[in-house]
Amino acid sequence: MIRLTNTLGGKKETFEPVDEGKVRMYVCGPTVYGPAHIGHARTYIAFDIIRRYFEYRGFKVRFVMNLTDVHDDMIRRANEQGITIFELGEKNIKLFFEDMKALHIKPSDANPRVTQEIPEIIKAVQSLMEKGFAYETDDGVYFEVEKFPDYGKLSGIGHRKGRTGTRVDTDKYEKKQAQDFAVWKKEKPGEPSWDSPWGKGRPGWHIECSVMSSRHLGIPVDIHGGAVDLVFPHHENEIAQSEAAFGTKPFVKYWLHTGFLNVEGQKMSKSLGNFITIPELLKDFDALAFRFFIASTHYSSRINFSKTEMEKYKVTLGKLNEFIKRLQEIFGGEGDLKSVERAIESSKKHFVKEMDDDFNFPNAWSAIFSFESEMNKLITEGKVGREEAEKALAFLKEINSVFEVFSFETQAGLGLEIGKRIAERETLRKEKKFAEADRIRDELKAKGITLLDTPDGVKWRTENR
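Counting in my numbering, the sequence shown runs from 19 upward without gaps.
What follows is the structure, given as structure tokens:
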């Protein structure tokens, strides 16, 4: 039974999907005016892990992430570069997908783009107009916040608080109230535009996610996620316009938000010189080490990125990979299968318990560290042979299907080759063909691989270990 903290209400709730055994999950994607940064990476890795955990628990997940390819920032950046927003979008979307692949983030089932959803967006705006929730001005079409009594139920910022409903330039045209927000913006010089019942123009920022999530997932969506800075105004406005336009409540059952990422204790910004893009990150740090760093903090907590911290996580992950390598190097011997199975069962139970409790990443890791400690003790006691090692590795691969941080392949191919040679050597020794057996040992030694005959079987190590 998975429980999660729903931003809507701020309480921990039992997850009950719209359709049994299925999860419909939408995460707000980037505005593709430039390369994605490590704040994006934090959010998308966290939701990748949450998605993977649902799959681990047997759910069939449909995962959708939008791409905002028309926006004030897109227009500004395209004009600076002397290209169209479409050229800018294509360039940065390609880079974004490369970054996601490099970070081992599973591909989305759909990545709808705003520019490809214009007809459906226009239909949603028309619905708002027909139902009396929106009005037209010389500048565009605005959602009238006072017409939606539930406004503020996600963020706690109601329509009487006086804060505007946009993160871009405040609109100055005939709005009835400061918090009314644009669902359609009429054409201005130098901007891309599409035909609409209100003249040429383009979508407002918020309306896009209402349309794309409902089109690709239906209503209600099980889980809608994003960074915490999207709670207001973006997600608050999504709720208002969606429930008003589509007439279905709730628009989303569970809202999840990731915490802020700081860099060296400060908010990341170009003015402070601490703005780090994903390509810049990956020049200095391994992607799996960064995933481990993100996976070691609760998804909703604030996290501080620093080179010192990253080095610590790199070392810790290195030790876990050495543990995996140690298991991969066990090729023979008889062990205590029941002891290993007990360790696996206990650790799996602990892991599931913590992840079921609002995806508690750090507490789930304690189960893995305890398993490592117990297994190393059993190896030292000579209770782990090849069968037991394989069982342990299979369990760690299960865990890795969620976190995707371990490096099983580093030694796997080499280990398979060496394992075959060790098996040949053992056969020769049983046949008392010691000279031929020694020849295999010497051949491996020449390649920098030392065989170790131990009470719990033959092991090997490389000279640079």
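Built from N, CA and C at the ideal position, the CB exists for glycine as well.
For residue i, write down the residues that DSSP places opposite it in a beta bridge.
| i | result |
| --- | --- |
| N280 | K285, N322 |
| W202 | V159, P221 |
| K450 | Note: K450 sits in no beta bridge, so no partner. |
| L85 | R131 |
| Y153 | Y160 |
| K477 | L470 |
| V239 | V270 |
| N394 | N394 pairs with nothing; no bridge assigned. |
| P215 | G217 |
| A245 | T276 |
| H55 | T295 |
| N24 | K29 |
| R95 | Partner(s): none; R95 has no beta bridge. |
| T49 | T86 |
| R80 | R42 |
Which term fits residue i, buried or exposed, when burial requires 16 or more other beta carbons within 10 angstroms of its beta carbon?
| i | result |
| --- | --- |
| K465 | exposed |
| F452 | exposed |
| P333 | In the sequence on display, residue 333 carries Val and not Pro. With fewer than 16 other Cβ atoms within 10 Å, it is exposed. |
| R70 | buried |
| Q134 | exposed |
| L235 | buried |
| G208 | exposed |
| L469 | buried |
| R60 | buried |
| E399 | exposed |
| E254 | buried |
| A54 | buried |
| T472 | exposed |
| T445 | exposed |
| Q284 | exposed |
| R320 | exposed |
| L345 | buried |
| K204 | buried |
| E347 | buried |
| K343 | buried |
| A96 | buried |
| T266 | exposed |
| A385 | buried |
| R457 | exposed |
| M19 | exposed |
| R309 | buried |
| P167 | exposed |
Check the C-beta distance from residue i over to residue j and give it rounded, since I have them as a contact under 8 Å.
| i | j | result |
| --- | --- | --- |
| Y44 | V239 | 5 Å |
| V132 | W202 | With a Cβ gap of about 12 Å, V132 and W202 do not count as contacting. |
| Y331 | A305 | So it is not a contact: roughly 12 Å between Cβ atoms. |
| H275 | A245 | 7 Å |
| G219 | W212 | 7 Å |
| K415 | F426 | 7 Å |
| S260 | S228 | 4 Å |
| E392 | A412 | Not really, about 16 Å apart at Cβ, beyond 8 Å. |
| N339 | F424 | 6 Å |
| F311 | M286 | The Cβ separation is near 15 Å, so there is no contact. |
| F377 | A262 | About 31 Å; that fails the 8 Å criterion. |
| F250 | I140 | With 8 Å as the limit, F250 and I140 do not qualify as a contact, their Cβ atoms being about 26 Å apart. |
| F81 | S126 | 5 Å |
| I111 | V50 | 5 Å |
Helix, strand or coil for residue i, going by three-state DSSP, please let me know.
| i | result |
| --- | --- |
| V229 | helix |
| V41 | strand |
| K119 | helix |
| T334 | helix |
| A354 | It should be noted that the sequence gives Asp, not Ala, for residue 354. Correct three-state label for D354: coil. |
| D376 | coil |
| T315 | coil |
| Q346 | helix |
| K409 | helix |
| V420 | helix |
| R75 | coil |
| T102 | coil |
| K264 | The amino acid occupying residue 264 in the given sequence is Phe; Lys does not appear at that position. Residue state, collapsed to three classes: helix. |
| A305 | helix |
| M147 | helix |
| V370 | helix |
| S364 | helix |
| F310 | helix |
| F389 | helix |
Is the stretch 191-205 touching the stretch 148-162, taking contact as three or more C-beta pairs under 8 Å?
-> The stretch 191-205 and the stretch 148-162 touch, with no fewer than 3 CB-CB distances between them shorter than 8 Å.
Cβ contact (3+ pairs, closer than 8 Å) linking the stretch 290-303 and the stretch 248-267 = The answer is no - the stretch 248-267 does not touch the stretch 290-303, with fewer than three Cβ pairs under 8 Å.
Taking contact to mean at least 3 C-beta pairs separated by less than 8 Å, is the stretch 260-276 in contact with the stretch 19-28?
-> Yes, they touch.
Do the stretch 337-353 and the stretch 403-415 meet, that is, are 3 or more Cβ pairs less than 8 Å apart?
-> Yes, the stretch 337-353 touches the stretch 403-415.
Would you be able to state if there are at least three C-beta pairs under 8 Å between the stretch 75-92 and the stretch 119-133?
-> Here the stretch 119-133 lies against the stretch 75-92, with 3 or more beta-carbon pairs under 8 Å apart.
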